[in-house]
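Residue numbers (the numbering used here): 5 to 91.
Right, here's the structure in full:
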């Protein structure tokens, strides 16, 4: 069931219903960001990011390859050696 509905004017403008403004915490002058995700349009206050947005930014090519525990430990050892090596 939708939270609320808006009607688009001939100029392409909409009014954001009171309940939606309350939930988003927006008022006059607020900037809304429109995005497409998984075939749906998502509207949010500018500056807010979801965990999915952060994941896509960190891993643009998809999920990173899985590593074994031995690989992870070896990477930590190499990093520690390089960081604490006498110069």
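Glycine is no exception: its CB is placed at the ideal position from the N, C-alpha and C atoms.
- Taken in chain order, the whole alpha helix (DSSP H) runs of length 4 or more contained in the segment 44 to 69 are 55 to 62.
- In this structure residue 24 touches residue 8 by the C-beta definition: roughly 6 Å separates them, less than 8 Å.
- Residue 40: member of the beta strand (DSSP E) spanning 36 to 41, first to last residue.
- In the structure shown, residue 77 adopts helical secondary structure according to DSSP, grouped into three states.
- Residue range 22 to 28 is occupied by the alpha helix (DSSP H) that includes residue 22.
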